[in-house]
Every structure is written in structure tokens, then in C-alpha cells.
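Numbering (this note's numbering), first residue to last: 1018 to 1093. Inspection log for the structure reproduced underneath, given as C-alpha cells.
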Amino acid sequence: PTPDGGAKVRVPPGTQSGQRFRLRERGASSTRDGRRGDLVVEVKLVLPKLLDERSKELLREFGRINGENVRESFGE
């Protein structure tokens, strides 16, 4: 939410958890001159803690296609 309500943010492919985006002039107003500040949005990716076997296999396949080692995430 912004001071004016909701806002849409386009998140580009490859965005990582912790990455920040600036929404210019969408933040709070200054008490001195009334100008709007920028609103900073931080991306937080939340993944399920428990995965069934099919989900794990899909992630492994995704890792093989993209050259990532997803096995260490499963404690394997």
C-alpha cells in the first residue's frame, strides 16, 4: 500500500529476493514543503517450507534447465 492506496509494480524476470524498486513521488508528503517522497518497495520471495515429491522433482528439473543446484535446498 501507498499513502494513496494500492499500486501496481512490474516485477521483471530474474528479480531476486531483497531487490528494491523505487516508486517516484508515491511516498509520504514532506512536512516542510508538502512534496511527495519516493516509496521504496523490497521484494520478498516466500517459498513453501514443505514440498511434496512432485514439487521437488519439478524444482530439480527447473534447476537442470537453468543450471542451478536446487538439491542443497532440500538437504540432499
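Think of the CB as a built atom: it goes at the ideal place given N, C-alpha and C, for glycine as much as any other residue. Being a predicted model, the structure only gives us computed values, none of them experimental.
inquiry  = So, at 8 Å on beta carbons, what are the nonlocal neighbours of Ser1047 in its own chain, with the 5 sequence-adjacent residues on each side left out?
reply    = Same-chain partners within the cutoff: Arg1053 and Gly1054.
Residue of Pro1030, Ser1034 and Val1026 minimising C-alpha distance to Pro1041 = Checking the displayed sequence, the identity of residue 1041 turns out to be Arg instead of Pro. Sorting Pro1030, Ser1034 and Val1026 by C-alpha distance to the C-alpha of Arg1041 places Val1026 at the top.
- Task: Indicate the three-state DSSP secondary structure (helix, strand or coil) for Ser1072 in the structure shown.
- Result: Three-state result, Ser1072: helix.
>> Tell me the DSSP secondary structure of Glu1059 in three-state form.
In response: Three-state DSSP puts Glu1059 in a strand.
| Range of the contiguous beta strand (DSSP E) that encloses Arg1039 | Secondary structure note for Arg1039: its beta strand (DSSP E) is the uninterrupted segment Arg1037 to Leu1040.
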